[in-house]
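Numbering (numbering that gives the first Met the number 0), first residue to last: 0 to 262. Read through the structure below, which is laid out as structure tokens, and then see the notes.
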Amino acid sequence: MQTDKPLYQPGQMLHIRALVFGDEHRALATKKIYIQVEDEDGTVVFRDERTSSRFGVVATDWAIPDRIRLGEYRILAKTYPGRFVDEDEDSDDEENPMAAAADRRTVRISRYELPMFVVSAKPDRSYYLPEQKASVDVNAAYLFGKPVPKAMVRISRLEERTWNFAKQRWEIDEGEPVSGTADDLGNFHTTFDLSKERADLDEYSYRKFRDITYTAYATDPSTGRTEERRFDVRITKYPMHVYYVTQDSSRRGLPDEFFVSTS
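Below you can see the structure in the form of structure tokens.
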């Protein structure tokens with residue numbers, strides 16, 4: 000099953016297409032397919048029945064309502080009309096589970112607002128060794144190129160970011176922020192310590208590097224509008240990583256084949 004894109008806004012048309020295969024992976028014609036869309040609570044918000052063409056293709060469209068709860072939506076295409084059962088569930092359907100087939104896709108429905116200005120964040124290095132600190136340059140500029148002067152800037156480590164479907168809002172857990180004010184050209188420079196992140200990395204001997212996600216927020220003092228940009232800072236134990244990758248060594252008496260990969 001396919002959709003024309005992974006992200007939609009309320010009021011848009013969602014195009015769904017499925018390709019049905021039979022024995023020997025051949026297109027299955029005149030097969031009735033049941034298609035439905037469920038929200039994160041499992042409520043069915045759209046349902047349709049289609050019969051596959053001689054090329055094994057079924058297609059349908061869902062006009063997303065203007066007033067719909069935002070979040071992840073699961074699309075199911077199946078060969079039986081009953082309730083969809085996950086693989087780890089016990090099925091009570093009378094349908095033969097060996098004869099039933101299904102596929103699923105997840106799309107997000109969200110609202111998109113054109114940003115008033117753009118925030119950029121650039122670390123001074125592509126990776127940081129144990130003794131180094133991160134130095135980051137943040138810039139805020141309007142879409143027509145003019146800088147956002149005296150923007151209020153805040154940088155925080157992103158611990159967790161999840162969408163609360165019931166409350167219809169993002170729940171964000173962040174670390175202690177670094178704050179300041181940009182200059183007249185919209186530039187802000189800061190340096191922050193990575194000792195805590197490095198200690199977390201040292202707890203796992205097999206992990207040689209780790210990417211830490213931060214969020215840079217900039218607020219326009221003239222309008223109060225805030226825009227953001229997420230970026231990664233990589234901390235590493237060594238400047239170069241060498242990996243020894245072996246092939247199948249089941250050939251007795253013959254030399255091993257291996258690869259050496261460096262990054």
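All residues carry an ideal CB built from backbone N, CA and C; glycine is no exception.
Could you tell me how far apart the beta carbons of residue 133 and residue 127 are, in whole angstroms, since I believe they sit closer than 8 Å? Against the sequence shown, residue 133 aligns to sequence position 134. Against the sequence shown, residue 127 aligns to sequence position 128. Correct: roughly 6 Å between the Cβ atoms.
Of the choices 229, 9, 52, whose alpha-carbon is the least far from that of residue 69? Indexing the sequence shown from 1 puts residue 69 at position 70. The shortest C-alpha separation from residue 69 is found at 9.
CA-to-CA distance, residue 33 to residue 92, given in whole angstroms: Here residue 92 refers to the residue found at position 93 when the sequence shown is read from its first residue. Here residue 33 refers to the residue found at position 34 when the sequence shown is read from its first residue. Since pLDDT at residue 92 reaches only 46, below the 50 mark, its modelled position is unreliable, and no value is offered.
Tell me whether residue 197 sits in a helix, a strand or coil according to DSSP, three-state version. Here residue 197 corresponds to residue number 198 of the sequence shown, with the count starting at 1. Here residue 197 sits in helix by DSSP.
State the Cα-Cα distance for the pair residue 50 and residue 146, rounded to the nearest angstrom. In the sequence shown, the residue the question calls residue 50 occupies position 51. In the sequence shown, the residue the question calls residue 146 occupies position 147. Computed Cα separation, rounded: 56 Å.
On the criterion of 16 or more Cβ atoms from any shown chain inside 10 Å, does residue 87 qualify as buried, or is it exposed? Taking the first residue of the sequence shown as position 1, residue 87 is located at position 88. Residue placement at residue 87 is flagged as unreliable, the pLDDT there being 48, under the threshold of 50; a coordinate-derived value is accordingly withheld.
How would you label residue 35, buried or exposed, when you count the other beta carbons within 10 angstroms and need 16 or more for buried? The residue you call residue 35 lines up with position 36 of the sequence shown. With 16 or more other Cβ atoms within 10 Å, it is buried.
Name the one or two DSSP bridge partners that residue 147 has. Position 148 of the sequence shown, counting from 1, holds the residue named residue 147. DSSP output for residue 147 lists no bridge partner at all.
Identify, in the order they occur along the chain, each residue of the same chain with its Cβ nearer than 7 Å to the Cβ of residue 55, setting aside the five sequence neighbours on each side. Your numbering for residue 55 matches position 56 in the sequence shown. Only 18, 19, 20, 26, 27, 28 meet the Cβ criterion.
So the beta strand (DSSP E) residue 122 belongs to, where does it begin and stop? Looking up residue 122 in the sequence shown gives position 123. That run of the beta strand (DSSP E) goes 116-122.
Could you pull the DSSP bridge partners for residue 54 from this structure? Mapped onto the sequence shown, residue 54 falls at position 55. Answer is none; residue 54 lacks a bridge partner.
Tell me where the beta strand (DSSP E) around residue 179 begins and ends. Counting from 1 along the sequence shown, the entry for residue 179 is found at position 180. It spans 177-180 - the beta strand (DSSP E) in which residue 179 sits, taken as one unbroken run.
I'd like the span of the beta strand (DSSP E) that includes residue 170, first residue to last. For the purposes of this step, residue 170 is taken as the residue at position 171 of the sequence shown. Run containing residue 170: 168-173, per the beta strand (DSSP E) assignment.
Count the C-beta pairs between the stretch 216-230 and the stretch 103-110 that are closer than 8 Å, then say yes if the count reaches three, no if not. no
Looking at the structure shown, is residue 240 part of a helix, part of a strand, or coil, going by DSSP? The sequence position of residue 240 within the sequence shown is 241, counting from 1. Of the three classes helix, strand and coil, the one that applies to residue 240 here is coil, per DSSP.
Could you spell out the range, first to last residue, of the beta strand (DSSP E) harbouring residue 12? In the sequence shown, the residue the question calls residue 12 occupies position 13. Looking at the DSSP string, the run of the beta strand (DSSP E) that includes residue 12 is 12-18.
Give me the Cβ distance between residue 179 and residue 189, rounded to the nearest whole Å; I'm assuming they're in contact under 8 Å. Here residue 179 corresponds to residue number 180 of the sequence shown, with the count starting at 1. Here residue 189 corresponds to residue number 190 of the sequence shown, with the count starting at 1. With a Cβ gap of about 6 Å, residue 179 and residue 189 count as contacting.
Span separating the alpha-carbon of residue 140 from that of residue 222: Numbered from 1 along the sequence shown, position 141 holds the residue referred to as residue 140. Numbered from 1 along the sequence shown, position 223 holds the residue referred to as residue 222. Rounded to the nearest angstrom, the two C-alpha atoms are 14 Å apart.
Between residue 14 and residue 37, what straight-line distance do the alpha-carbon atoms span, to the nearest angstrom? One-based indexing of the sequence shown puts residue 14 at position 15. One-based indexing of the sequence shown puts residue 37 at position 38. Using only the alpha carbons, I get a separation of about 15 Å.
Helix or strand or just coil, what does DSSP make of residue 22? For the purposes of this step, residue 22 is taken as the residue at position 23 of the sequence shown. Note: residue 22 maps to helix in three-state DSSP.
Can you give me the C-alpha to C-alpha distance between residue 52 and residue 230, rounded to a whole angstrom? In the sequence shown, residue 52 corresponds to position 53, counting from 1. In the sequence shown, residue 230 corresponds to position 231, counting from 1. The straight-line gap from Cα to Cα measures roughly 46 Å.
Residues that DSSP places opposite residue 231 in a beta bridge: Position 232 of the sequence shown, counted from the first residue, corresponds to residue 231. Beta-bridge pairing links residue 231 to 212.
What did DSSP end up calling residue 97 once you bin it into helix, strand or coil? In the sequence shown, residue 97 corresponds to position 98, counting from 1. Caution applies to residue 97, whose pLDDT of 42 falls short of 50 and renders its modelled position unreliable; the model cannot decide the point.
7 Å Cβ shell around residue 192 - same chain, five flanking residues per side excluded: Position 193 of the sequence shown, counting from 1, holds the residue named residue 192. Excluding positions up to five away in sequence, the list reads 132.
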